[in-house]
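The block underneath contains the structure these notes are about, expressed in structure tokens.
Residue numbers (my numbering), protein chains in the order written: chain F, 27 to 210; chain E, 3 to 185.
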């Protein structure tokens, strides 16, 4: 009886998935927008039609229907360094935050997983050690990320699962950038 | 009283004691986690659960773009831990059944305590009502008004109170109450 009750309690506790910061946002911004000294946040409040378009593209709606793009600029002329997005991916094991940066040509400059959860952190870290995020570099907004597939056999099942979730975050960032940044 | 914990076999008393202490430990860490991720004030709970949709309840007819400058230090501002609708659905799905099982376990302990039928009914009601209030507060905060955060705080404290009352009463009656008063 006690074993049963303890197992039940343990199951409940295992579902508590507090978020942990893997990389602070300012550190991620400094790495992904190097040299930028001015920053701007562009909030895109999606209409129903545009929200539907994004949902059709990547089966996702941003929180509160708002996409935020952060651009970094440099020097007196305000030359564009790049643009980044923080994308949240909800998994059954808690949320991930994937930060995706684009260079001035619109290609992916870099990806950093900025948040995970207590439970998923070791799986995410194993996927990162296997080189997950380096595989996103250079992707164009019309590409489909498939970095997770390249890790098959190199990592365990759970890190592979998390890699797929990171793929999902990158795909959302690419679609959002393609549909609502490049064209506006 | 359906059975009498104060007269139960010592193994049953020990089982109940271990169960209550385990729940106490879990609730202690639960409180710690709430402090870390949602806080205990109505303002912080509302920041966790209320939708910013409240300020813009309907999507605009056409997409609106707003751009504003920001500083590097603003990236560092700690965003409140937010639970959106999808996550609240998942939390409710996962936590409510478990809260129900915990309430049921505590209610079974209540059935073995010496107390009036009315007190027993009130205590069992408290054990089940507390998690309902907790999650009702979260949903109402999200979809009706941030002021309902009070309900979540009340539910959380009611859960703690229910556990505390059952634990103190059970430990007292099982281990400290003298036999002559127990009979």
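Positions of the beta carbon are idealized from the N, C-alpha and C atoms, including for glycine. None of the values given here were measured: they were computed from a predicted structure.
Query raised in the report: Considering only residues of the same chain and omitting the five flanking positions on each side of residue 194 (chain F), which have a CB-CB separation below 6 Å?
Result: Hits under 6 Å: 115.
Query raised in the report: For residue 168 (chain F), which residues from the same chain have a beta carbon less than 8 Å from its beta carbon, with the 5 sequence-adjacent residues on both sides left out?
Result: So the qualifying residues of the chain are 200 and 204.
Report task. Give, in chain order, every residue of the region 71-96 of chain F whose Cβ lies closer than 7 Å to some Cβ of chain E. Result -> The region 71-96 of chain F vs chain E, Cβ under 7 Å: 71, 72, 73, 74, 76, 77, 89, 90 and 91.
Requested in this report: Taking only beta-carbon positions, decide if residue 266 (chain E) is within less than 8 Å of chain F.
Outcome: The shown model of chain E, from 3 to 185, leaves out residue 266 (chain E), and the question about it has no answer.
**Report entry** Own chain partners of residue 152 (chain E) with C-beta closer than 6 Å, once the 5 adjacent residues on each side are dropped
**Finding:** Answer for residue 152 (chain E): 44, listed in chain order.
Query - Length of the line joining the Cα atoms of residue 137 (chain F) and residue 23 (chain E) - result: Approximately 45 Å between the Cα atoms of the pair.
Query raised in the report: Tell me which same chain residues have a C-beta within less than 8 Å of the C-beta of residue 140 (chain F), skipping the five on either side of it?
Result: Taken in chain order, the residues that qualify are 47, 48, 49, 50, 51, 54, 112, 123, 124 and 125.
Report task. Could you tell me whether any Cβ in chain E is nearer than 8 Å to the Cβ of residue 167 (chain F)? Result -> Closer than 8 Å: no.
Query raised in the report: At which residue ranges does the region 49-89 of chain F contain complete beta strand (DSSP E) runs of 3 or more residues, listed in the order of the chain?
Result: Listed in chain order, they are 64-71.
Report task. Can you tell me which of the three DSSP states residue 31 (chain F) falls into? Result -> Only weak support exists for where residue 31 (chain F) lies, its pLDDT of 46 falling under 50; the value from the coordinates is given anyway. In this structure, residue 31 (chain F) counts as helix in the three-state DSSP scheme.
Requested in this report: State the DSSP-derived secondary structure class of residue 163 (chain F), mapped to helix, strand or coil.
Outcome: Residue 163 (chain F) falls in the coil class under three-state DSSP.
Requested in this report: List the endpoints of the continuous alpha helix (DSSP H) containing residue 2 (chain E).
Outcome: Because chain E here runs from 3 to 185, residue 2 (chain E) falls outside it and cannot be looked at.
Report task. Would you check if the region 168-185 of chain F and the region 9-25 of chain E touch, i.e. whether three or more CB-CB distances between them fall below 8 Å? Result -> Taking a cut-off of 8 Å for Cβ pairs, the region 9-25 of chain E and the region 168-185 of chain F do not touch, as fewer than three such pairs fall below it.
**Report entry** Neighbourhood of residue 170 (chain F) by C-beta, 7 Å cutoff - its chain only, sequence neighbours within 5 removed
**Finding:** Closer than 7 Å at Cβ, skipping near neighbours: 197.
Query raised in the report: Around the Cβ of residue 149 (chain F), are there at least 16 other Cβ atoms within 10 angstroms (buried) or fewer (exposed)?
Result: Buried, by the Cβ-count rule.
Query - Which listed residue (F:45, F:44 and F:208) has its alpha carbon closest to that of residue 132 (chain F) - result: For the residues F:45, F:44 and F:208, the minimum Cα distance to residue 132 (chain F) belongs to F:208.
Query - Residues of the region 75-91 of chain E with Cβ closer than 7 Å to any Cβ of chain F, in chain order - result: Across the region 75-91 of chain E, CB contacts with chain F closer than 7 Å involve 77, 78, 83, 86, 88 and 89, in sequence order along the chain.
Query raised in the report: Helix, strand or coil: which one does DSSP assign to residue 96 (chain F)?
Result: Strand.
Requested in this report: Measuring alpha carbon to alpha carbon, tell me which of E:180, E:75 and E:101 ends up nearest residue 157 (chain E).
Outcome: Answer by Cα proximity: E:101.
Query - Within 8 Å, strictly: CB atoms of residue 168 (chain E) and residue 112 (chain E) - result: In contact: residue 168 (chain E) and residue 112 (chain E) (Cβ atoms closer than 8 Å).
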